[in-house]
Amino acid sequence: MSETSGSVAERFEQLYGAAPDGVWAAPGRVNLIGEHTDYNDGFVMPFALPHTAVAGVSRRDDGVLRLHSADVSGPVVELTVDALAPESDKRWTAYPAGVVWALREAGHAVTGADIHLASTVPAGAGLSSSAALEVVVALALNDLFGLALRGWQLARLCQRAENVYVGAPVGIMDQTASACCEPGHALFLDTRDLSQRQIPFDLAAEGMRLLVVDTRVKHSHSEGEYGKRRAGCEKGAALLGVDALRDVPFGELDAALKRLGDEEEVRRLVRHVVTEDARVERVVRLLESGDTRAIGPVLVEGHASLRDDFRVSCPELDLVVDTAVAAGALGARMTGGGFGGSAIVLAEEADVAAVTKAVEEAFAAAGFKTPRVFEAVPSAGARRVR
Ligand code: GLA
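Read in order, the letters of the sequence shown are residues -18 to 367 in my numbering.
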């Protein structure tokens, strides 16, 4: 499921006339639990997909940045590193160029590059295809320019590229997942200080599977709505006198909601974030005590909170969750930002076929697009592959 590094190197050579200095890969992700908590300094628990963005990259020292993608038709785009400016570019090139901009802005002497990208991470499916593009470019430049930055530092710079250069107000989860995940593990991440714990998550060994159901509803309106949720959470923190909603302890939720009085919209957002942080901690405890099956109901609870309180689900995502659970899945929830994209389903291995069939039939009966269903095995984070 990863582009072969050989085919990327070969295409690079056709485009730029010489073999690349190296080839790197960075994965997309799903999030097991902890949604819309990352911009509230809270907890998340993503794991890396086997699908990756792959980049062939050569260093340049003349200030020229050349970009090409196998996934977007069009010729090589040539830019000048000195002239990179935030929000000046509405094309896909804003992601890799934004990373170069963020590295330079942080004082790193990145003097140009030739880059060819090819990705197997489905775009617009809520699986962090953009973060994969950013992180693969950041890691390649880190190696080629000897910057010696750690995974979490690269993630911060990639988030800055996306926030400032691309202009999307995302949190830190996706970039950190792509940079720092390990095979066979989910990443328990505290988004306040980026401290991390790798939690063993080998479902196959326990006779279970995790399915990703891409509803193929592109989350095109997500940015405006995402920004509104984020602003609502910030308002909640300000009204409660805390730095971030992470600072409202679960045990004090009722009192906090009371203090918010008739701010109904903010109350719902606060309730989601505070209960969701608690759900991440519950899932960590359950996994660490070997009670993996018991996380199923926690996932379903998280989905209900995203649907009813945070209001970022959609009919297709709700149908996946309801149908999968009715067909015997252990749990299911939307994953990522919402408004379309993908859901995850946790099921016994023996129930996978029946659950998949039930979801496909329900989608056909509702007149929805045929969903894309695949199994997700926790895979490796960003690395050099050649
Ligand atoms: C998107 C953002 C992340 C995070 C999720 C919701 O994936 O990029 O930072 O906020 O939505 O959990």
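Even glycine gets a Cβ: it sits at the ideal position worked out from N, Cα and C.
This one's a predicted model, so the numbers in the text were calculated from it and none came from an experiment.
Nearest to Gly79 by C-alpha distance, out of Val118, Gly105, His97, Ala51, is Val118.
Set against 7 angstroms, the gap from the CB of Asn12 to the closest heavy atom of the ligand GLA is smaller. Between Gly127 and Arg40, the alpha-carbon positions lie close to 11 angstroms from each other. Within the same chain, Leu238, Leu241 come within 7 angstroms of Arg248 by CB-CB distance, once the 5 residues on both sides are set aside. For Trp133, the secondary structure class from DSSP, reduced to helix, strand or coil, is helix. Taking Gly93 as the centre and dropping the five residues before and after it, the same chain places the C-beta of Arg41, Asp43, Gly44, Val45, Leu46, Val62 closer than 6 angstroms to its C-beta, in chain order. Burial is judged here by how many other beta carbons sit within 10 angstroms of a residue's own beta carbon; Gly321 has at least 16 and is buried. In the three-state reduction of the DSSP assignment, Val25 falls in the strand class. CA-to-CA, the gap between Gly348 and Val223 works out to about 45 angstroms. Scanning Ala99, Val293, Gly152 for the CA closest to the CA of Asn21 turns up Gly152.
In this structure, Val102 and Leu108 form a Cβ contact; the two beta carbons are roughly 6 angstroms apart against a cut-off of 8 angstroms.
The segment 329 to 340 and the segment 195 to 209 do not touch, with fewer than 3 CB-CB distances between them shorter than 8 angstroms.
With contacts defined by Cβ atoms closer than 8 angstroms, Pro164 and Pro359 form a contacting pair. Membership of Glu(-6) in the alpha helix (DSSP H) is indicated by the continuous run -14 to -3.
Within 7 angstroms of the C-beta of Gly152 there is at least one heavy atom belonging to the ligand GLA. The straight-line gap separating the alpha-carbon atoms of Ile325 and Arg137 is approximately 26 angstroms. When Leu184, Glu246, Arg252, Arg(-8) are compared, the shortest CA-CA separation from Asp235 is found for Arg252. Two segments are said to touch when three or more pairs of C-beta atoms, one from each, lie closer than 8 angstroms; by this definition the segment 46 to 57 does not touch the segment 297 to 308.
Between Val147 and Ile96, the C-beta gap is not smaller than 8 angstroms, which leaves the two residues out of contact.
Taken from the Cβ of Gly217, every heavy atom of the ligand GLA lies 7 angstroms or farther away. Membership of Ser100 in the beta strand (DSSP E) is indicated by the continuous run 94 to 100. Here the distance from the Cβ of Asp19 to the nearest heavy atom of the ligand GLA is below 7 angstroms. DSSP places Thr74 outside both helix and strand once states are collapsed to three, so it counts as coil.
By the neighbour-count criterion, in which a residue is buried when 16 or more other Cβ atoms sit within 10 angstroms of its Cβ, Arg227 is buried. The beta carbons of Val261 and His284 sit no closer together than 8 angstroms. At a cut-off of 4 residues, the continuous stretches assigned as alpha helix (DSSP H) that sit fully inside the segment 236 to 279 are 245 to 269. Taking 7 angstroms as the cut-off, the C-beta of Glu282 does not count as close to any heavy atom of the ligand GLA. Leaving aside the five residues that flank Leu65 on each side, the residues in its chain whose CB is nearer than 6 angstroms to its CB run, in chain order, Ala78, Trp82.
Under the three-state reduction of DSSP, His49 is assigned to strand. Scanning the segment 277 to 308 for uninterrupted alpha helix (DSSP H) segments of 4 residues or longer gives 296 to 307, listed from N- to C-terminal end. Counting other Cβ atoms within 10 Å of its Cβ, Ser111 reaches 16 or more and is therefore classed as buried. DSSP, reduced to helix, strand and coil, places Thr157 within a helical segment of the structure shown.
Per the C-alpha coordinates, the member of Gly271, Glu246, Ala212, Glu143 positioned closest to Ala186 is Gly271. Beta-bridge analysis with DSSP links Arg10 to Ala29. Check the Cα spacing between Ala343 and each of Ser(-14), Ala307, Arg314: the tightest is with Ala307.
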